[in-house]
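Only one structure is covered here, and it is reproduced in the block below.
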Amino acid sequence: MLELLKYPFVQRALIAGSLISFCAAVLGVILVLKHYSLIGHGLSEIGFASLSIASALNIPAVVIATPSVIAASFVIMFVSQRYKTAGDIAIAIASSAALALGIIISSLGSASSGTSSYLFGSVLAVSEGDLIFSVVLSLIVLGAFIIFYDRFFLITYSEDYARSLGINTALYQLIISILTALVVVSGMRITGTLLISGVIILPAVTAGSLASGFKSLVILSGLVSLIAFIAGLMISFAFNIPAGAGVIGANTLILILVKILKLKIK
Amino acid sequence: MDLRLNLQNAVIKYEEKIIIDGVSITAGPGEMIFITGANGSGKSTLIKTIAGLLPLASGKIERAKKISYVPQVEEADRNFPARVKEIVMTGRQRPGKLFYTQRDKELVRDSMRELEIEDLSEHELKILSGGQLRRVMLARALCGLPDLLLLDEPCAGLDVESHKILFEALKKNLARGCAILMVTHDDSDLAGITSSRVINISNGRIL
Ligand SMILES: Nc1ncnc2c1ncn2[C@@H]1O[C@H](COP(=O)(O)OP(=O)(O)OP(=O)(O)O)[C@@H](O)[C@H]1O
Ligand SMILES: [Mg+2]
Numbered sequence: 020m021l022e023l024l025k026y027p028f029v030q031r032a033l034i035a036g037s038l039i040s041f042c043a044a045v046l047g048v049i050l051v052l053k054h055y056s057l058i059g060h061g062l063s064e065i066g067f068a069s070l071s072i073a074s075a076l077n078i079p080a081v082v083i084a085t086p087s088v089i090a091a092s093f094v095i096m097f098v099s100q101r102y103k104t105a106g107d108i109a110i111a112i113a114s115s116a117a118l119a120l121g122i123i124i125s126s127l128g129s130a131s132s133g134t135s136s137y138l139f140g141s142v143l144a145v146s147e148g149d150l151i152f153s154v155v156l157s158l159i160v161l162g163a164f165i166i167f168y169d170r171f172f173l174i175t176y177s178e179d180y181a182r183s184l185g186i187n188t189a190l191y192q193l194i195i196s197i198l199t200a201l202v203v204v205s206g207m208r209i210t211g212t213l214l215i216s217g218v219i220i221l222p223a224v225t226a227g228s229l230a231s232g233f234k235s236l237v238i239l240s241g242l243v244s245l246i247a248f249i250a251g252l253m254i255s256f257a258f259n260i261p262a263g264a265g266v267i268g269a270n271t272l273i274l275i276l277v278k279i280l281k282l283k284i285k
Numbered sequence: 005m006d007l008r009l010n011l012q013n014a015v016i017k018y019e020e021k022i023i024i025d026g027v028s029i030t031a032g033p034g035e036m037i038f039i040t041g042a043n044g045s046g047k048s049t050l051i052k053t054i055a056g057l058l059p060l061a062s063g064k065i066e067r068a069k070k071i072s073y074v075p076q077v078e079e080a081d082r083n084f085p086a087r088v089k090e091i092v093m094t095g096r097q098r099p100g101k102l103f104y105t106q107r108d109k110e111l112v113r114d115s116m117r118e119l120e121i122e123d124l125s126e127h128e129l130k131i132l133s134g135g136q137l138r139r140v141m142l143a144r145a146l147c148g149l150p151d152l153l154l155l156d157e158p159c160a161g162l163d164v165e166s167h168k169i170l171f172e173a174l175k176k177n178l179a180r181g182c183a184i185l186m187v188t189h190d191d192s193d194l195a196g197i198t199s200s201r202v203i204n205i206s207n208g209r210i211l
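Chains A and B, in that order, are what the protein sequence lines are.
Numbers in my numbering are just positions in the first sequence, counted from 1, shifted up by 19.
Numbers in my numbering are just positions in the second sequence, counted from 1, shifted up by 4.
Below, the structure is given as structure tokens:
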């Protein structure tokens, strides 16, 4: 197994995947606590539609995916916040419509292998460009988390209270939407659009049953995700299965183990 | 005189339903105003609007910049994974200020001591009793050293001792020049602070 590390494409997959997994899970804490758990799922379908359009028009995927996923992310969060119950409906409609659109476009055009690699992810196809993108992305996400940590805590805890202090909650909503969109777009490459939401949500849920306090939850979620990614990647090499499925499998196993251990201890 | 609150002819609606219909309130430094009225008369709606959480349908409002608000019910999920200290600290956040300073930490410690919740500092939100949570909400508001303090039934769930502590703290804030609006149903509260005004809300208007 270790000699695989000699290969540059494995190195790239490992570095990019670890960074994105960590960032996704850190953000995931906010999304889970704010009851936006489904947003990653909705956004990845929109990402998939954008990718199909990009490949039909023959332009780089990120050029279309990034802005459209950011826009969708903000709209979904805004709708969920404004019309409390409508959030999951908005996500459900947007995601299935986008998925249908993506499928229509990719089946009309010459069936490109590009879109299917985005559906299931192709961790070994991580290019130098993808690697740089993921490094920059993680710097942005982690930097934002350090700078805005106290604000993120407050906004996640109670948006009303934040507003009573005079804080512009829409601005932070926007920042969180952008970060989520960036994580989704870069994560799609690795786990595939179908599974990225699991990478965002599962570690936060696992960490939620271990941590006490917000800070430890955020850190633990990132670490759980990192471990699950590396374990998942090894599983996928060992059994020759897609990396995304391996990573989600590892995440799910960890979650189940943690829950069982907690039951045992009680 | 520079007013802490100047609310003129406020009309507040939920959807199309008028809840507050032409209310005016002014409060200067050191002024204490009690707001009373039947259940559903619109007291919380009024306080929320002054806190900036609801829009005015018409009328105008000028408020001090530094406002602390204690809601009637804490909106956050009781299972939110936060410790008492983390929650009280948020009372020190203000626009344009991203990090807590040493002074913030001292003020938070002081107000937790004042409300006698230092021992709960590391406790998680979900294990607090109703009265303990109320004291956490009060400490969070007081550590903000507000110029305008908005209290929506702050005594709900407080024991006699905490009630006394709260009123001592309120007096200190009034002396500092803070204006206070407090919703209450308890006539004995009104006697707690001399030189205060009482505003009675009924059918969306001041009686
Ligand atoms: N979110 C809302 N949407 C629509 N109507 C509301 C909403 N919140 C409150 N109301 C209505 O507005 C009116 C005033 O409510 P409010 O909470 O301001 O009363 P209150 O005076 O604070 O009562 P209480 O003494 O019970 O706290 C009530 O008739 C209530 O049904
Ligand atoms: Mg009320």
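Even for Gly, the Cβ is constructed at its ideal location relative to N, Cα and C.
>> Can you look up D108(B) in the DSSP assignment and give me helix, strand or coil?
In response: Helix, per DSSP.
> In chain order, what are the residues with a CB under 6 Å from some non-hydrogen atom of ligand 1?
Replying inline: Per the Cβ criterion, the list is Y18(B), I23(B), G41(B), N43(B), G44(B), S45(B), G46(B), K47(B), S48(B), T49(B) and Q76(B).
> Hey, does R170(A) have any beta-carbon neighbour from chain B nearer than 9 Å?
Replying inline: Answer yes: the Cβ-Cβ gap between R170(A) and chain B drops below 9 Å somewhere.
>> Residues in the same chain with beta-carbon distance under 6 Å from N204(B), minus the five sequence neighbours each way, listed in chain order, please.
In response: Around N204(B): T40, G41 and L211.
>> Using a Cβ-Cβ cutoff of less than 6 Å, which residues in the same chain neighbour V88(B) once the five nearest sequence positions on both sides are dropped?
In response: Result list for V88(B): L124, S125, H127 and V140, in chain order.
> Secondary structure at L185(B), three-state DSSP: helix, strand or coil?
Replying inline: Strand, per DSSP.
> First and last residue of the alpha helix (DSSP H) that includes N191(A)?
Replying inline: Note that residue 191(A) is Tyr in the sequence shown here, rather than Asn. Note, Y191(A): alpha helix (DSSP H), T188 to T210.
> For ligand 2, is there a heavy atom less than 8 Å away from the beta-carbon of V164(B)?
Replying inline: No, ligand 2 has no heavy atom inside 8 Å of this Cβ.
>> Tell me whether the stretch 239-256 of chain A and the stretch 64-75 of chain A touch, counting them as touching only if at least three CB pairs, one residue from each stretch, are closer than 8 Å.
In response: Counting Cβ pairs under 8 Å, fewer than three are found: no touch.
>> Please tell me whether, using a cut-off of 8 Å, the distance from the CB of D156(B) to the nearest non-hydrogen atom of ligand 2 is below it.
In response: Yes, the Cβ of D156(B) comes within 8 Å of a heavy atom of ligand 2.
> Does the separation of the CB atoms of R170(A) and I186(A) fall below 9 Å?
Replying inline: A contact, by the Cβ cut-off of 9 Å.
> What are the residues of the stretch 164-188 of chain A that lie near chain B, defined by any Cβ-Cβ distance shorter than 9 Å?
Replying inline: Listed in sequence order: I166, F167, Y168, D169, R170, F172, L173, T175, Y176, S177, E178, D179, Y180, A181, R182, S183, L184, G185, I186 and N187.
> Taking all protein chains shown into account, do 16 or more other C-beta atoms lie within 10 angstroms of the C-beta of D6(B), making it buried, or fewer, making it exposed?
Replying inline: So D6(B) ends up on the exposed side.
> Can you find at least 3 beta carbon pairs, one from the stretch 71-85 of chain B and one from the stretch 227-240 of chain A, that sit closer than 8 Å?
Replying inline: The stretch 71-85 of chain B, when compared against the stretch 227-240 of chain A, does touch it at the 8 Å Cβ threshold.
>> Tell me the DSSP secondary structure of T40(B) in three-state form.
In response: Here T40(B) sits in strand by DSSP.
> What is the C-beta distance between I51(B) and V164(B), in whole angstroms, given that I count them as a contact (C-beta under 8 Å)?
Replying inline: So it is not a contact: roughly 25 Å between Cβ atoms.
>> Under DSSP, the alpha helix (DSSP H) around V81(A) begins and ends at which residues?
In response: From DSSP, the alpha helix (DSSP H) with V81(A) extends over A80 to R101.
> Is V202(B) closer than 9 Å to I16(B) when the C-beta atoms are compared?
Replying inline: No; because the gap between Cβ atoms is not below 9 Å, this pair is not in contact.
> According to DSSP, what are the bridge partners of Y73(B)?
Replying inline: BP columns for Y73(B) point to L154(B).
>> If the criterion is Cβ atoms closer than 9 Å, does the pair D179(A) and E79(B) meet it?
In response: It is a contact, given that the beta carbons lie within the stated cut-off.
> Do you know how far the Cα of I34(A) is from the Cα of L150(A)?
Replying inline: For the pair L150(A) and I34(A), the Cα-to-Cα distance works out to about 8 Å.
> Does the stretch 53-64 of chain A come close enough to the stretch 185-204 of chain A that 3 or more CB-CB pairs lie under 8 Å?
Replying inline: Yes, since at least three Cβ pairs between the stretch 185-204 of chain A and the stretch 53-64 of chain A fall closer than 8 Å, the two stretches touch.
>> Tell me the DSSP secondary structure of V145(A) in three-state form.
In response: DSSP places V145(A) outside both helix and strand once states are collapsed to three, so it counts as coil.
> Exposed or buried, which one is F28(A) when buried takes at least 16 other CB atoms within 10 Å?
Replying inline: Exposed: under 16 other Cβ atoms inside 10 Å.
> For the beta strand (DSSP E) that G63(B) lies in, which residues bound it at each end?
Replying inline: In the DSSP annotation of this structure, the continuous segment of the beta strand (DSSP E) that includes G63(B) starts and ends at S62 to R67.
> In terms of alpha-carbon separation, which member of L190(A), S157(A), T85(A) and A91(A) lies closest to I39(A)?
Replying inline: Distances from the alpha-carbon of I39(A) to those of L190(A), S157(A), T85(A) and A91(A) put S157(A) closest.
> Is the CB of F233(A) under 9 Å away from at least one CB in chain B?
Replying inline: At least one CB of chain B lies nearer than 9 Å to the CB of F233(A).
>> For ligand 2, I want to know if V74(B) counts as a neighbour, meaning its beta carbon is within less than 8 Å of at least one of the ligand's heavy atoms.
In response: In this structure, V74(B) has its CB at a distance of at least 8 Å from all heavy atoms of ligand 2.
> If you follow the beta strand (DSSP E) that D190(B) is part of, which residue opens it and which one closes it?
Replying inline: It is not in any beta strand (DSSP E) - D190(B) carries neither H nor E in the DSSP assignment.
>> Tell me whether V27(B), by its Cβ, gets closer than 8 Å to a heavy atom of ligand 2.
In response: Closer than 8 Å to some heavy atom of ligand 2: that does not describe the Cβ of V27(B).
> Interface residues of chain B around A230(A) at Cβ under 8 Å?
Replying inline: Chain-order list of chain B residues neighbouring A230(A): P85, by C-beta distance under 8 Å.
>> Is the beta carbon of K70(B) closer than 9 Å to that of D151(B)?
In response: Yes, the Cβ-Cβ distance between D151(B) and K70(B) is below 9 Å.
> Where DSSP assigns a beta bridge to D25(B), which residues make up the other side?
Replying inline: Looking at the DSSP assignment, D25(B) forms a beta bridge with V15(B).
> Looking at C-alpha atoms only, which residue of R107(B), L132(B), L9(B) and T105(B) is the closest neighbour of S72(B)?
Replying inline: It is L9(B) whose Cα lies nearest to the Cα of S72(B).
>> What residue range does the beta strand (DSSP E) around S206(B) cover?
In response: Element bounds for S206(B): S200 to S206.
> Applying the criterion that 16 or more other CB atoms from any shown protein chain within 10 Å of the CB defines a buried residue, is V51(A) buried or exposed?
Replying inline: Residue environment for V51(A): buried (at least 16 other C-beta atoms within 10 angstroms of its C-beta).
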